[in-house]
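Residue numbers (numbering that gives the first Met the number 0): 0 to 183. Just so you know, even glycine gets a beta-carbon here, dropped at the ideal spot from N, CA and C. Nothing here was measured: the structure is a model prediction, and the numbers come from that model. To start, the structure itself, in structure tokens.
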Amino acid sequence: MAKSLQEQMLEMGLINQKKAKKNAKEMKKTAHAKRTGNDEGIEDTAAAAEAARKEKAARDKELNRQREEAAKQKAIVAQVKQLIKTNAIDCDGEIKYNFVHDKKVKQMYVNQAVWDRLSRGQLAIILLEVVKEEAVYKVVPVQVADKVKQRDPEHYIMIADASGDVMEEDDPYAAYQIPDDLMW
Numbered sequence: 000m001a002k003s004l005q006e007q008m009l010e011m012g013l014i015n016q017k018k019a020k021k022n023a024k025e026m027k028k029t030a031h032a033k034r035t036g037n038d039e040g041i042e043d044t045a046a047a048a049e050a051a052r053k054e055k056a057a058r059d060k061e062l063n064r065q066r067e068e069a070a071k072q073k074a075i076v077a078q079v080k081q082l083i084k085t086n087a088i089d090c091d092g093e094i095k096y097n098f099v100h101d102k103k104v105k106q107m108y109v110n111q112a113v114w115d116r117l118s119r120g121q122l123a124i125i126l127l128e129v130v131k132e133e134a135v136y137k138v139v140p141v142q143v144a145d146k147v148k149q150r151d152p153e154h155y156i157m158i159a160d161a162s163g164d165v166m167e168e169d170d171p172y173a174a175y176q177i178p179d180d181l182m183w
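Here you go:
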């Protein structure tokens, strides 16, 4: 004689005896309600179960979207860090270079060649990370800074003005000559 589906599932360990009894009891209740015509309560519970299922699906969808967004943001941060670390220029030196970050003047010690390129706008200073409330800045080429800006516009980037000419057209002192023997 063939075993019922419930007996097969019990043997395989997919359900336990308690769940099997609960399912059998529910099936008997629904069958009895349909026979006697008292199935309004069953329809209400079915509608409530369907509404709960739809609500859970919507919640799960939102959670998945948030997880994907967090993973995407984490990947962008990893890309930015990798770009900065691989293209960072070694600039240990004795010359102090001052720049502004968060309305505060920060300083970095660089060598003469890096200082010249920073002041001409050929290099950029980028905030790599903040470790124990201390900011870690790196010097990178401007092309890398542009790539970082594309990936993460919120990331701090400092590039000096490349314009070396400070003369203005409406300068009131443009007509005056500076004497050669003037000592500052």
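Check whether residue i and residue j have beta carbons under 7 Å apart
{"i": "L82", "j": "V147", "result": "yes"}
{"i": "I75", "j": "R150", "result": "yes"}
Selected residue, minimal CA-CA separation from residue i, among the options
{"i": "H100", "options": "L127, A77, R34 and P140", "result": "L127"}
{"i": "I158", "options": "D151, D169 and A144", "result": "A144"}
{"i": "N86", "options": "A77, R66, V138 and Q5", "result": "V138"}
Residue i burial status per 10 Å Cβ neighbour count (16 or more: buried)
{"i": "K33", "result": "exposed"}
{"i": "I124", "result": "buried"}
{"i": "Y175", "result": "exposed"}
{"i": "L117", "result": "buried"}
{"i": "Y172", "result": "exposed"}
6 Å CB neighbourhood of residue i in its chain, flanking five on each side removed
{"i": "K27", "result": "none"}
Proximal residues to residue i (C-beta, below 8 Å), its chain only, five neighbours per side dropped
{"i": "G92", "result": "Y108, V109, N110, Q111, V113 and W114"}
{"i": "V135", "result": "L126, L127, E128 and V129"}
{"i": "V141", "result": "G120, Q121, L122, A123 and I158"}
{"i": "D160", "result": "G120"}
{"i": "H154", "result": "V79, I125, L126, V147 and K148"}
{"i": "M8", "result": "I14 and A19"}
{"i": "V104", "result": "N97 and F98"}
Counterpart residues of residue i in DSSP-defined beta bridges
{"i": "V79", "result": "DSSP output for V79 lists no bridge partner at all."}
{"i": "I177", "result": "Bridge partners of I177: none, in fact."}
{"i": "V129", "result": "A134"}
Cβ-based neighbour list, residue i, same chain, cut-off 7 Å, excluding 5 preceding and 5 following
{"i": "I177", "result": "none"}
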